[in-house]
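**Q**
There are 2 protein chains.
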Amino acid sequence: MKIGDQPALLLIDIQKGMNNTEYYGGHRNNPKAEEQAAKILSYWRAHQLPVIHIKHNGTPPSPLSKDTPGNDFMEIVQPIKGEPIFEKEVNSAFIGTDLDAFLKKKGIMRLVLVGLTTAHCISSTARMAGNFGYDTYIISDATATFNTLGIDGQAYEAALVHTICLATLRNEFATILDTESLLDLL
Amino acid sequence: MKIGDQPALLLIDIQKGMNNTEYYGGHRNNPKAEEQAAKILSYWRAHQLPVIHIKHNGTPPSPLSKDTPGNDFMEIVQPIKGEPIFEKEVNSAFIGTDLDAFLKKKGIMRLVLVGLTTAHCISSTARMAGNFGYDTYIISDATATFNTLGIDGQAYEAALVHTICLATLRNEFATILDTESLLDLL
Chain B
226 MKIGDQPALL
236 LIDIQKGMNN
246 TEYYGGHRNN
256 PKAEEQAAKI
266 LSYWRAHQLP
276 VIHIKHNGTP
286 PSPLSKDTPG
296 NDFMEIVQPI
306 KGEPIFEKEV
316 NSAFIGTDLD
326 AFLKKKGIMR
336 LVLVGLTTAH
346 CISSTARMAG
356 NFGYDTYIIS
366 DATATFNTLG
376 IDGQAYEAAL
386 VHTICLATLR
396 NEFATILDTE
406 SLLDLL
Chain R
226 MKIGDQPALL
236 LIDIQKGMNN
246 TEYYGGHRNN
256 PKAEEQAAKI
266 LSYWRAHQLP
276 VIHIKHNGTP
286 PSPLSKDTPG
296 NDFMEIVQPI
306 KGEPIFEKEV
316 NSAFIGTDLD
326 AFLKKKGIMR
336 LVLVGLTTAH
346 CISSTARMAG
356 NFGYDTYIIS
366 DATATFNTLG
376 IDGQAYEAAL
386 VHTICLATLR
396 NEFATILDTE
406 SLLDLL
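One line per chain: the protein sequences are B and R, in this order. Reminder that position 172 of the first sequence reads as 397 in our numbering, one-by-one numbering, no gaps. Reminder that position 184 of the second sequence reads as 409 in our numbering, one-by-one numbering, no gaps.
1. Counting contacts by CB-CB distance shorter than 7 Å, is residue 245/B in contact with chain R?
2. Quick one: does residue 381/R have its CB under 7 Å from some CB of chain B?
3. Pick from 279/B, 232/B, 252/B: whose alpha carbon is nearest that of residue 240/B?
4. Rank 363/B, 322/B, 352/B, 410/B by C-alpha distance to the C-alpha of residue 315/R and give the top, closest one.
5. Using three-state DSSP, classify residue 261/B as helix, strand or coil.
6. I'd like to check one pair, residue 388/B with residue 342/B: are the Cβ atoms closer than 7 Å?
7. Starting from residue 382/R, trace the beta strand (DSSP E) in both directions and tell me its first and last residue.
8. Counting only Cβ pairs nearer than 7 Å, list the residues of chain R close to residue 401/B.
9. Between the alpha carbons of residue 244/B and residue 283/R, how many angstroms are there, rounded?
10. Would residue 377/B be called buried (16 or more neighbouring beta carbons within 10 Å of its own) or exposed?
11. Following the continuous beta strand (DSSP E) through residue 365/B, name the residue where it begins and the one where it ends.
12. To which residues of the same chain is residue 301/R closer than 8 Å at the C-beta, ignoring the five residues directly before and after it?
13. With a floor of 4 residues, list each alpha helix (DSSP H) that falls wholly inside the stretch 289–327 of chain B, ordered by position along the chain.
14. DSSP state of residue 281/R, grouped into three classes?
15. Buried or exposed, going by whether 16 or more other CB atoms sit within 10 Å of the CB of residue 251/R?
16. Within 7 Å of any Cβ in chain R, is that where the Cβ of residue 386/B sits?
17. Out of 303/R, 257/R, 355/R, point me to the one whose CA is closest to residue 325/R's CA.
18. What residues from chain R crowd round residue 252/B, counting only those whose CB sits closer than 8 Å?
19. Taking the beta strand (DSSP E) that residue 352/B falls in, what are its first and last residues?
20. Is the beta carbon of residue 385/B closer than 7 Å to that of residue 359/B?
21. Quick check on the DSSP output: the alpha helix (DSSP H) that includes residue 407/R runs from which residue to which?
22. Compute the Euclidean distance between the alpha carbons of residue 190/B and residue 406/R, then round it to the nearest angstrom.
23. Just to confirm, are residue 411/B and residue 362/B a CB contact at a threshold of 7 Å?
24. DSSP on residue 266/R, reduced to helix/strand/coil?
25. Taking DSSP as the reference, what is the three-state secondary structure of residue 373/R?
26. So, with DSSP's three-state summary, where would you put residue 393/R?
27. Using a beta-carbon distance below 7 Å, is residue 397/B in contact with chain R?
28. Can you check whether the C-beta of residue 349/B is within less than 7 Å of a C-beta belonging to chain R?
29. When the Cα of residue 305/B is compared with those of 372/B, 275/B, 257/B, which residue comes out closest?
30. For residue 381/R, which residues in the same chain have their Cβ closer than 8 Å to its Cβ, ignoring the five residues on either side in sequence?
31. Apart from the five residues on each side of it in sequence, which residues of its chain come closer than 6 Å, Cβ to Cβ, to residue 346/R?
32. Nearest CA to the CA of residue 394/B: which residue from 390/R, 396/R, 395/R, 339/R?
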């Protein structure tokens, strides 16, 4: 990756409602994912690279619902002037939004994904990004997911779900890096 | 589900090249997935429900590549006259195809997914189907996946990858049923 390639940082669903761990499965991995995302965000801003915020307004009602405090972005990644925000109602940031057209218009072909959750919105967005032809990166320690119930009723540990989601995405849809490797590469 | 709701059966990437287990990871779960898919296909044909075949022509070269024997559908699910075939070059059956427009034109809003692989094309198609608003069903014993390498180089067992993929899809994107439950419901 070269800075000249203008990789866009997509901060996905880093909203206050995600702190409702009980609602989302009782336990989450990577408790410092938001701090890592904020660290990457600082780098992007310092180097005037494109930053894009994605906000989830999904229905049915959830801790992220529109017009509730949980819908707000976490303080640590609050957008600043000039940073576009795309609001979505489903998991993929490409469905029901103008994100793809916006990126094409800007000539952006390389995406770096951070945020929540690996199992839902990160995976859905990464799969579409990869299939659309974007050179897609997911930052393993700046993403996180919750414990997840299987069809047999068994609870799968967040860390295992996260790891297996990334395993199914690597090579096929995205390159997986941690924050340190990403920043070394830039 | 009611037969009157015209659920469409999507048979995804059930192509001969998928028999190259060595290429795809060395081991697969649900060895009878194709038989289950064929059983469901028989039911769909007997009840004149819509059947749609999806074929993967992906690049780079793989055991499924176009103009190779592996590109052909397996004999057990060979299309018959009148059954549409959508050819795709990426994982999601909705990207680079007219599938969404076709379904909308036909008034089909309910999809039943079977085929290969749970980790790649089934998950990608199911996530988009769910996010597009289709009432989406994945048949757990008529889908299968291969052992998958993690970012740490560890090989995750196909059955575990399959189970966790379905866990991440259930409730959020799709309803997971086995063949017997599906046929009981129709």
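Don't be surprised by glycine CBs; every beta carbon is placed ideally from N, CA and C.
**A** Taking the definition as stated:
1. For residue 245/B, no Cβ of chain R is located within less than 7 Å of the residue's own Cβ.
2. Look at residue 381/R: its C-beta is under 7 Å from a C-beta on chain B.
3. Checking every option, the nearest Cα to that of residue 240/B belongs to 279/B.
4. Nearest option by C-alpha distance: 352/B.
5. DSSP places residue 261/B in helix when its eight states are reduced to three.
6. Annotated as distal: residue 342/B and residue 388/B, with beta-carbon spacing of 7 Å or more.
7. Following the DSSP letters along the chain, one finds residue 382/R in no beta strand (DSSP E), marked with neither H nor E.
8. Neighbours of residue 401/B in chain R, taken as residues at a C-beta separation under 7 Å, are given in chain order as 376.
9. The alpha-carbon atoms of residue 244/B and residue 283/R are separated by roughly 40 Å.
10. Counting Cβ neighbours within 10 Å, residue 377/B comes out exposed, since fewer than 16 surround it.
11. That run of the beta strand (DSSP E) goes 360–369.
12. These residues qualify, in order along the chain: 239, 259, 260, 262, 263.
13. Within the stretch 289–327 of chain B, no complete alpha helix (DSSP H) run reaches 4 residues.
14. In this structure, residue 281/R counts as strand in the three-state DSSP scheme.
15. Residue 251/R is exposed by the Cβ-count criterion.
16. For residue 386/B, a Cβ of chain R is located within less than 7 Å of the residue's own Cβ.
17. The residue with the shortest Cα to Cα distance from residue 325/R is 355/R.
18. Result: empty, since nearest Cβ-Cβ is about 14 Å, beyond 8 Å.
19. Under the DSSP assignment, residue 352/B falls outside any beta strand (DSSP E), being part of the alpha helix (DSSP H) whose first and last residues are 348–357.
20. Residue 385/B sits away from residue 359/B, with the two beta carbons spaced by 7 Å or more.
21. For residue 407/R, the enclosing alpha helix (DSSP H) begins and ends at 404–410.
22. Summary: the structure shown does not reach residue 190/B, with chain B confined to residues 226 through 411, and so no result is reported for it.
23. Judged by beta-carbon spacing, residue 362/B lies beyond the 7 Å limit of residue 411/B, meaning their Cβ atoms are not closer than that value.
24. Here residue 266/R sits in helix by DSSP.
25. The DSSP-derived three-state label of residue 373/R is strand.
26. In the three-state reduction of the DSSP assignment, residue 393/R falls in the helix class.
27. At least one beta carbon of chain R lies nearer than 7 Å to the beta carbon of residue 397/B.
28. Closer than 7 Å to some Cβ of chain R, the Cβ of residue 349/B qualifies, so yes.
29. The candidate whose alpha carbon is nearest that of residue 305/B is 275/B.
30. Excluding the 5 residues flanking it on each side, residue 381/R has same chain C-beta neighbours closer than 8 Å at 372, 373, 374, 375, in chain order.
31. So the list reads 237, 238, 316, once near-sequence residues are dropped.
32. Comparing Cα-Cα distances from residue 394/B to each of 390/R, 396/R, 395/R, 339/R, the minimum goes to 390/R.
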